[in-house]
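Visitor: Numbering (my numbering), first residue to last: -7 to 351. Backbone N, C-alpha and C define an ideal beta-carbon position, used for all residues, glycine too. A single structure is presented below for examination.
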Amino acid sequence: MINDRKYNFSPGPSELPEEVLLSVQESLLNWKSSGMSVMELSHRGKHFSEIAETASSNIRDLMQIPDDYEVLFLQGGASMQFAMLALNFLNPENTADYAVTGQWSKKAFEEAGRCAKVNLSCNTSESKFTTIPDTTSWSLSENSTYLHLASNETIAGVQFKEFPKITNLVCDMSSDILSRPVDVSRFAMIYAGAQKNLGPAGVTLVIIKKSFLDKASQDLPQMLAYKTHADTESMYNTPPCFPWYVLGEVLKWLKTKGLNQVFELNRKKAAMLYQAIDESNFYHNPVEPDYRSDMNIPFTLSKPELDSVFLQEAEALGLLNLKGHRSVGGMRASIYNAMPLAGVEKLINFMQEFEKKNA
Ligand SMILES: *Cc1c(COP(=O)(O)O)cnc(C)c1O
């Protein structure tokens, strides 16, 4: 147990499991009697190789990643992937489709547009990103190299519950990776910055199908080419060793729970919070129920002048970082895998008390 630990509802970097923090603490001074901190290990030595390989095999196991996919551990965050993806796969002769269902997929689309000509397949900005239209209404180009989407929009709180039945899907899963089982074989590539649901900031996971990787450009600076990182097992240069290690600890923690159980709990936490919001006349979530995120739950108060009081009182109770994104306003509760049920229950109790006092 960690003393005075609070509930952190931050969208990212976000709460890590307590068990993981404790095991990381232990490894900071002397990694497995090596006489070195885990942070001091050579990335080419046997200790770190074991850490790297275990993380890789655990992620393959948890996500049931088929053998014809590479798993890469890169730097630069998900934002770097917005550019790398376009640089590796687009050229003046081809194009890609982009579904814009929130602020992050919009950024991905705009960034790709700096590198190539890309097609906007769907855009929900007019609804303020509160719904996802059926794929039959999307405009898809004929010779698209891939279709990009973000499975969960961290800011507006919209989530794909099913993925479009389209080939060469590329998916930004930064804020819901490993929150639920997904069929990896449906995707050409999946990527995720670690700092939401996988670990600390500084490492980015890329899962890429080998036949898709074969189509990547070779005519790029080495660091920007997926092939470089695939050919060197993500050790072309010094990898982000420490975040990679912590990510590995998160995966071990997930394996003790099992992904299906984690998914069940995530659904339960989200359903409880949405129910509390919907049953009140004081709190409001604007997202169409079918597409509501299980991870990030924005809500507004019917008296926005009380926002700062709400945040102060929440913080005093140990409920941290509930302030919503400026583009949506109000509050946002990010309840990733590491958020215990008790944290969500405490938040709901507080919300109900606050409503009684102030409605
Ligand atoms: C946070 C986030 C990003 C940006 O991640 P960085 O690692 O900070 O670049 C991209 N996409 C989604 C869905 C996110 O939640």
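Just jot down, in chain order, the residues whose CB lies closer than 5 Å to any heavy atom of ligand 1.
Guide: G69, A70, S71, W96, A142, T146, D164, S166, S167 and G185
Visitor: Would you tell me roughly how many angstroms separate the C-alpha atoms of E256 and E145, rounded to the nearest one?
Guide: 20 Å
Visitor: Is K244 near ligand 3, going by C-beta to nearest heavy atom under 7 Å?
Guide: Ligands displayed in this structure: ligand 1; ligand 3 is not among them.
Visitor: In terms of residue numbering, what span does the alpha helix (DSSP H) encompassing Y218 cover?
Guide: Y218 to D223
Visitor: Can you tell me which of the three DSSP states D59 falls into?
Guide: D59 falls in the coil class under three-state DSSP.
Visitor: What residue does the beta strand (DSSP E) around I182 start on, and which one ends it?
Guide: F179 to G185
Visitor: Using CA atoms only, rank isn't needed, just tell me which of K98, L265, L79 and W245 is closest to K164.
Guide: In the sequence under discussion, the amino acid at residue 164 is Asp, which differs from the Lys named in the question. Cα-wise, what sits closest to D164 is K98.
Visitor: What are the boundary residues of the alpha helix (DSSP H) that C353 is part of?
Guide: Lying before the first or after the last residue shown, residue 353 is absent from the chain, which here runs from -7 to 351.
Visitor: Just the C-alpha distance for E307 and M287, rounded to the nearest angstrom, thanks.
Guide: 20 Å
Visitor: For the structure I just gave you, are there three or more beta carbon pairs, one from the segment 79 to 88 and one from the segment 209 to 216, closer than 8 Å?
Guide: Yes: at least three Cβ pairs fall under 8 Å.
Visitor: Return yes when the Cβ of V150 is within less than 8 Å of the Cβ of V336, no when it is not.
Guide: no
Visitor: Considering only the beta carbon of each residue, do G69 and G185 sit closer than 8 Å?
Guide: yes
Visitor: What separation, rounded to the nearest whole angstrom, lies between the Cα atoms of T128 and K153?
Guide: 16 Å
Visitor: Between A351, M215, V110 and V92, which has its C-alpha nearest L298's C-alpha?
Guide: A351
Visitor: Within the same chain, show all residues whose beta-carbon is closer than 6 Å to that of P232, passing over the 5 residues directly before and after it, in chain order.
Guide: Answer for P232: Q67, G194 and V195, listed in chain order.
Visitor: On the criterion of 16 or more Cβ atoms from any shown chain inside 10 Å, does R172 qualify as buried, or is it exposed?
Guide: buried
Visitor: Only counting the same chain, and skipping five residues up and downstream in sequence, which positions put a Cβ closer than 7 Å to that of T122?
Guide: A148, V150, P278, V279 and E280
Visitor: State yes or no: is the C-beta of S113 within less than 8 Å of the C-beta of D89?
Guide: Between S113 and D89, the gap from beta carbon to beta carbon is short of 8 Å.
Visitor: Take L33 and list the residues in its own chain whose beta-carbon comes closer than 8 Å to its own, dropping the five residues that flank it on each side.
Guide: Cβ neighbours of L33 beyond the five flanking positions: W23, S26, H39, F40, I43 and C233.
Visitor: Taking one C-beta from the segment 124 to 143 and one from the segment 258 to 273 each time, how about it: are there three or more such pairs within less than 8 Å?
Guide: Here the segment 124 to 143 does not lie against the segment 258 to 273, with fewer than 3 beta-carbon pairs under 8 Å apart.
Visitor: Just list the alpha helix (DSSP H) runs in the segment 73 to 119, keeping only unbroken ones of 4 residues or longer that don't cross its boundaries, in chain order.
Guide: 95 to 105
Visitor: With respect to the beta strand (DSSP E) encompassing F291, which residues constitute its N-terminal and C-terminal limits?
Guide: Counting along the chain, the beta strand (DSSP E) containing F291 begins and ends at N288 to L293.
Visitor: Take the Cβ of L161 as the centre, count every other Cβ of all protein chains shown within 10 Å, and call the residue buried at 16 or more, exposed below.
Guide: buried
Visitor: Can you tell me whether P290 is buried or exposed, with buried defined as 16 or more other CB within 10 angstroms of its CB?
Guide: buried
Visitor: Measure from the alpha carbon of L314 to the alpha carbon of each residue in N329, L333 and F342, then state which is nearest.
Guide: F342
Visitor: Classify E103: buried if its beta carbon has 16 or more other beta carbons within 10 angstroms, exposed otherwise.
Guide: buried
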